[in-house]
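Each residue of the sequence shown is one higher than the one before, starting from 1 at the first, in UniProt numbering. C-beta: ideal position from N, C-alpha, C; glycine also. Quick notes on the structure that follows.
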Amino acid sequence: MTAFMPVTDKVIEDLCAIVGPHNVSVDEEKRLAYSRDEVGVQFWDRQYCADVVVFPESTEHVSRIMAYANDKVIPVTPRGAGTGLSGGAVPAFGGIIMSFEKMNRILELDLENLTVTVEPGVVTSEIQSVAMKHSLQYAGDPCSGDASFIGGNVAENAGGNKVIKYGTTGANVLGLEVVLPSGEITWFGGKRRKDVTGLDLVHLMVGSEGTLGVVTKIILKLVPLQERIVDLLVPFEKVEDAISFVPKVITEAKIVPVALEFMDRRALKIVSRYLGSSLPFDDAGAHLIIQLEGNDPEVLADEYEKVGDMCLESGALEVFVADNRNFREKLWKARKGIAEAVMAFYTKYAKEDISVPIKEVPALIKAVDEVCRKWDLEAANYGHAGDGNVHINLLAGEDRVDWHEAIEGARIDLYEVTKKLGGTLSGEHGIGLKRKKYIGMFLDEAQIRLIKGIKQVFDPKGILNPGKLVE
Ligand SMILES: Cc1cc2nc3c(=O)[nH]c(=O)nc-3n(C[C@H](O)[C@H](O)[C@H](O)COP(=O)(O)OP(=O)(O)OC[C@H]3O[C@@H](n4cnc5c(N)ncnc54)[C@H](O)[C@@H]3O)c2cc1C
């Protein structure tokens, strides 16, 4: 591990000379606030705190900061909006936090090439809104999209609600301007749709959690916005029936929905309490939200009727058609609010991000019950069932003294099952600081050696976001 140099008064002075004193902060409150993400501080063994926060305004600023830090061997941790759920933006070795909140411009909307070029600090939902004004859509849609930055989405390869139809963030990224740890500025990809010249460095960068390079510009793909959207809210008495139904939409109805989301009874109860409002049949075992879209109202109606009938044949208690904005907003507010609601009511929990082949979701949910019985925990499960990514929340009572041990034991059991089902540790939240000790359960020695080798090539001094992934 690299021996890092301290951030002295001289370093602060030099950073001020690079980006201007108004873009440098050593204020303790600010340093602490910018040194955490949405992983609760109770999960860390110590308090992490950067020595200084910098706010670059341009690629040139980023390049000069990186060149300086590389020369002086000072760690740099890139930071988006801090909504991460893996501790990716936590400065494991102190040093510099590089916040992108001032690099927040939409640089170009290219209506002929159907691309939008943005800086990393643009809020995800702002890109969606801009595209929508031109009857286009940016299809990346994490539940945190009203707060997260696009640079954070790229670094985590964020998933979200529309992955079944449109893929993860990476599927919508065409090009990236990247500042390497040395300070060198380079472009991977561009506006072109096809490119096999060299290696696919765009998609090596996507999901690299800010450990290989700093993303300073992003070219995103846009697609035509469909004129009509319908969401079905479908309560099922039994959670098994809801989950078993999920693959049928594609395999039997032959329809690719935009979203196919799942919330079990406990997840819905927690979010209803948090929001102070509930959805119909809130005692049902589980609810599905199935979103369909299209331009032709008749085709769309045929599709949702077909899916609705199939739901009823598969044990659904009712099928609610949300074809108006109010109802749609209400049900998505519930779905998107679960993560926040869990954090509001619990301090002793594990928020898991398991991804399994779609067919194995029922087996995973069954295993969660067994694991919880063994460790005397409760679970609230929800997530992107349509793509096999389930957020399992293992919950311990607030008075539970041995919660740490119980949750850790349950977590290991859950990971063993996940592996047997052909699944993996994280579908979209990333490894960061939080999951790195478990990565060896899922990647073999050869893969870990390759990841370390790639890191060494990009960042020989190990200054960029150290202590993450496999380090
Ligand atoms: C309520 C809630 C709901 C969520 N829902 C989803 C969901 O549906 N799908 C999903 O995938 N995630 C979800 N998340 C997790 C989180 O929002 C995503 O991981 C998001 O992509 C993080 O973006 P951010 O801007 O907050 O990044 P941060 O948390 O600030 O940083 C994340 C990582 O990106 C790196 N990084 C940031 N900017 C750059 C850059 N310019 N260059 C290089 N590296 C950079 C950081 O170093 C860090 O490793 C949710 C989180 C919350 C709190």
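Cβ atoms of residue 392 and residue 354 come within 8 Å of each other, at about 6 Å.
In terms of side-chain proximity, the C-beta atom of residue 459 is found no nearer than 7 Å to any non-hydrogen atom of ligand 1. Relative to ligand 1, the nearest heavy atom lies less than 7 Å away from the CB of residue 465.
Shortest gap from the CB of residue 153 to any heavy atom of ligand 1: under 7 Å.
Not one heavy atom of ligand 1 sits closer than 7 Å to the Cβ of residue 58.
If you check the CB distance, residue 39 and residue 87 come in under 8 Å. Within 7 Å of the C-beta of residue 432 there is at least one heavy atom belonging to ligand 1. Spanning the alpha carbons of residue 256 and residue 213 requires a straight line of approximately 35 Å.
Here residue 78 carries a strand assignment [DSSP, helix/strand/coil]. Between ligand 1 and residue 143, a heavy atom-to-CB distance of less than 7 Å is present. Sorting 204, 104, 223 by C-alpha distance to the C-alpha of residue 131 places 223 at the top. Here residue 22 carries a helix assignment [DSSP, helix/strand/coil].
Counting only the Cα atoms, residue 334 lies some 14 Å from residue 142. The alpha carbon of residue 241 has as its nearest neighbour, out of 209, 202, 285, the alpha carbon of 285. When distances are taken from the beta-carbon of residue 80 to the heavy atoms of ligand 1, the shortest one is below 7 Å. In the same chain as residue 438, and ignoring 5 residues on each side of it, the C-beta atoms closer than 7 Å to its own belong to 415, 425, in chain order. Across the structure, residue 402 and residue 344 are spaced so that their CA atoms are roughly 21 Å apart. The alpha helix (DSSP H) runs lying completely inside the region 245-301 and spanning 4 residues or more are 248-251, 265-275, given in chain order.
Within the chosen limit of 7 Å, ligand 1 does not reach the beta carbon of residue 424 with any heavy atom.
By the C-beta density criterion, residue 412 is exposed, having fewer than 16 other C-beta atoms within 10 angstroms. Of the other Cβ atoms in all chains shown, 16 or more fall within 10 Å of the Cβ of residue 64; this residue is therefore buried. Note on geometry: alpha-carbon atoms of residue 409 and residue 349 lie some 12 Å from one another.
If you look at residue 63, you'll find it in the alpha helix (DSSP H) that goes 59-72.
Residue 446 is classed as exposed because its beta carbon has fewer than 16 other beta carbons within 10 Å across all chains shown.
Residue 469 carries a coil assignment under DSSP once its states are collapsed to helix, strand and coil. If the five residues before and after residue 280 are omitted, its C-beta is found closer than 6 Å to no C-beta atom of its own chain.
Excluding residues up to 5 positions away in sequence, 230 lie with their Cβ nearer than 7 Å to the Cβ of residue 323 in the same chain. Between ligand 1 and the CB of residue 334, the shortest heavy atom gap is not smaller than 7 Å. Measuring C-alpha to C-alpha distances from residue 400 to each of 380, 346, 301, 305 identifies 346 as the nearest. Spatial neighbours of residue 150 in its own chain (CB-CB distance under 7 Å, excluding positions within 5 residues in sequence) are listed in chain order as 118, 120, 122, 124, 127, 218.
With fewer than 16 other Cβ atoms inside 10 Å of its own Cβ, residue 186 counts as exposed.
Annotated as proximal: residue 35 and residue 90, with beta-carbon spacing under 8 Å. Taking the Cα positions, residue 70 is about 9 Å away from residue 459. Bridge partners of residue 137 according to DSSP: 223. Within the same chain, and ignoring the five residues on either side of residue 104 in sequence, the residues whose Cβ sits closer than 7 Å to its Cβ are 119, 121, 122. Within 7 Å of the C-beta of residue 158 there is at least one heavy atom belonging to ligand 1.
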